[in-house]
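Quick notes on the structure that follows.
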Amino acid sequence: MTTRTITIANRGNATYAVDAKKPLLDSLRDQGVDLPYGCKYGGCITCAAKLIEGEVNQKAQVALNNRQINDGYVILCVARPLSDCTFDIGVESHDRLYRNPFLDPLEPHELKADIATTKDQ
Amino acid sequence: MSETCCGPGYASPAEAMKAPREKVLYTIAIYTGTGIQKPDYLCTIDADPDSPTYSQVISRLEMPGIGDELHHMGWNACSSCHDDASMERKYLIVPGVRSTNLHIVDCGTDPRNPKLHKVIDGAEIKAKTNLSAPHTVHCLGSDIIISMLGDAKGNAPGGYLHLNKDFEIVGRWEESMGDIKFGYDFWYQPRHNVMVSSEWAAPNTFMPGFDLEEVGHLKYGREIHLWDFEKKEPKQTFYLGEDGLIPLEVRFHHDPDSSHGFVGAALSANIIHWWKDAAGEWQWEKIIDVENEPHPEWPIPVPGVISVILLSMDDRFLYLCNWLHGDIRQYDISDPHRPVLTGQVWMGGLLGKAPEVNGVKVTGGPQMIQLSLDGKRLYVTTSLFSTWDNQFYPEIRTNGGCMLMVNCDTDNGGMEIDPDFVVDFGREPNGPSRCHETRYPGGDCTSDIWI
Ligand code: FES
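In order, the protein sequences belong to chains A and B. One rule links them: number in the working numbering = place in the first sequence (from 1) + 148. One rule links them: number in the working numbering = place in the second sequence (from 1) + 111.
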């Protein structure tokens, strides 16, 4: 089993050793981290956390648009760590997750992956 | 008609209006998406003005897990089985939109202190029916059908879950979804062999929050569907287009002989009316168009966002809420083609017209409403959906939602916020929660259907 170390910055930099093949939500909850969740299949955003450092595979998520991904959000219920990672968790990490859609529209490349256009360079 | 009766509900809408006044209310309150790691719960609220605990939460039933997002709910039985003495309006079916869990709550044994009777696990529903994201619950004789907005992976259009009266999964109710793209609310009118369903979006689209741009990419609904109710398949679609963006709550007249019904198009902020004409053809028209309102800090005018509509038991008044504007309106729809605005009150909203009511800061806008059977008291809550609340009213995290009551003049029309009733969910024991749909033990204006 490949193990990664996950650091939770906004929980006093607590660290957890997790199986690289398991979704982060399961691994962390199994070790007693109190995390929000809803659908558990990557569609509802409830479990989002902010990645501060490291890399994850979250291809199975369908909740985030490209702006949220660029802002570092990770859907923990489907994400697997590709490296050691540091996160902020819970709603305190959601400062950039929600926006008023009328006041702060998305650019075409910031939409969800299935409808986003590629950004002109 | 009802000589054999002592089943639930009432022989007719007129009989329902004579029922005793509601003494308790059941209202959903959520912690999902608030940052408080506690289960969502069902509140029992004292609505008896002679009681010392009037206008207070008198009991709280926590769900077994966190993250359900309780939303809408429905009774196991209504006036559709009034003639069936073996049935009883005893259980509320309380679904979790995010978890797909169905909670069956016994409200009959002790109406002031409901208890969890059974949970149907979301995983079981997904495995047996490939459905998720339960929304509207209607009973159908002794059976129960629930609109499910997605497949097991949260893709549209989902379908309808069929439960028997013992709350066992029968399977999918519908024979076919036809070309329907999305699900949301539904209501049926058996004497016309018709059901009408509306469209929100795929769970994977609406649950994470509202990206306005996705409306243009056709990720949100703009059609309503008429079903052959006996054949359980759609037979006709009305394309509402720009007039009907995101059609949500569906209400038929309570009069079982009437073919008239209404849907509120949330984003277009219109009311759409349908009916069967003299030639037997179904028709639709737009009857109410809420203008967008200017906002000092917005570059564009604010749409009303009609999140709910409701008809009084006598079908005379239509109520609607503009969740972003902050007003509730009462229209006399005695002539359903020509509604007349007869009342309006303000609470919360983005336009700043009523930031505080009855000493409580209203965060959010008028959202879910429930009317007393006699049509005189309208109970209002302020939260829409956790992620959407977080986008439009972020202060709701710390303030919580609230419930108010509006007194409605059923003779001349008109509405007034009751000065003595307010439930502040910002002061709940586990921290600020958000209140949503309300039901009464004796049935209410969005439950009962007559066969
Ligand atoms: S729990 Fe729904 S996206 Fe993770």
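Note that beta-carbon positions come from the ideal geometry of N, C-alpha and C, so glycine has one too.
Item                                                                                                                      : Value
Closest Cα partner of A:I263 within the set B:G352, B:H328, B:R550, B:S423                                                : B:H328
7 Å Cβ shell around B:E325 - same chain, five flanking residues per side excluded                                         : T316, Y331
Three-state class that DSSP yields for B:M526 in the structure shown                                                      : strand
Cβ of A:P171 within 9 Å of any chain B Cβ                                                                                 : no
Neighbouring residues, chain B, relative to A:T155 (Cβ below 7 Å)                                                         : What A:T155 touches in chain B: nothing, since even the nearest Cβ is about 20 Å away.
Assigned secondary structure, A:T151 (DSSP; H/G/I helix, E/B strand, else coil)                                           : strand
Chain-ordered residues, beta carbon under 6 Å from a heavy atom of the ligand FES                                         : A:Y185, A:G186, A:C187, A:K188, A:G190, A:G191, A:C192, A:I193, A:T194, A:C195, A:A211, A:I223, A:C225
Own chain, CB closer than 6 Å to B:M479, minus 5 neighbours either side, in chain order                                   : V419, T492, H547, E548
Cβ of B:V305 within 9 Å of any chain A Cβ                                                                                 : no
Interface flag, B:R545 vs chain A, CB-CB below 9 Å                                                                        : no
One or two residues paired with B:M259 in a DSSP bridge                                                                   : B:P245, B:G270
Interface partners of A:A110 on chain B, CB under 8 Å                                                                     : Nothing can be reported for residue 110 of chain A, as the shown portion of chain A is limited to 149 through 269.
Reduced DSSP secondary structure (H/G/I, E/B, other) of B:M516                                                            : strand
Alpha-carbon spacing of B:L337 relative to B:P345, whole angstroms                                                        : 6 Å
Cβ pair count under 8 Å reaching 3, the segment 211-219 of chain A against the segment 282-297 of chain B                 : no
Whole runs of the beta strand (DSSP E) within the segment 318-376 of chain B, excluding any shorter than 3 residues       : 334-339, 344-350, 358-363, 372-376
Sufficient close CB pairs (3 or more, under 8 Å) joining the segment 153-167 of chain B to the segment 121-135 of chain B : yes
Span separating the alpha-carbon of B:D63 from that of B:R200                                                             : Look at the range of chain B in this structure, 112 to 562, and you will see that residue 63 of chain B is not part of it.
Which listed residue (B:P301, B:L272, B:M306, B:W393) has its alpha carbon closest to that of B:I231                      : B:L272
Amino acids of chain A, ordered along the chain, whose beta-carbon sits closer than 8 Å to that of B:T549                 : In chain order: nothing, as chain A lies at least about 23 Å away.
Chain B contacts made by the segment 233-250 of chain A, where a contact means CB separation under 9 Å                    : G238, V239, E240, H242, L245, Y246, R247, N248, P249, F250
Range covered by the alpha helix (DSSP H) that runs through B:T498                                                        : 497-503
Residue of B:I255, B:C519, B:I257 minimising C-alpha distance to B:D485                                                   : B:C519
Short Cβ contact (9 Å threshold) for B:P505 with A:Y246                                                                   : yes
A:M149 classed as buried or exposed, judged by whether at least 16 other C-beta atoms fall within 10 angstroms            : exposed
Three-state secondary structure assigned by DSSP to B:E173                                                                : strand
C-alpha distance - B:P447 paired with B:E353, whole-angstrom precision                                                    : 22 Å
Complete runs of the alpha helix (DSSP H) confined to the segment 204-254 of chain B [at least 4 residues]                : 233-240
Any 3 or more C-beta pairs closer than 8 Å across the segment 395-415 of chain B and the segment 376-385 of chain B       : yes
Partner residues on chain B for A:P184, Cβ-Cβ distance less than 8 Å                                                      : T143, G144, G146, Q148, I177, G178
Complete beta strand (DSSP E) runs within the segment 387-432 of chain B (minimum length 3 residues, chain order)         : 393-400, 417-422
Inter-residue Cα distance where the pair is B:C117 and B:T220                                                             : 18 Å
Interface residues of the segment 175-199 of chain A facing chain B [CB-CB below 9 Å]                                     : D182, L183, P184, Y185, G186, C187, K188, Y189, G190, G191, C192, I193, T194, C195, A196
Partners in chain A for B:N501, counting only beta-carbon separations shorter than 7 Å                                    : Y246
Contact with chain A by B:I411, beta-carbon distance below 9 Å                                                            : yes
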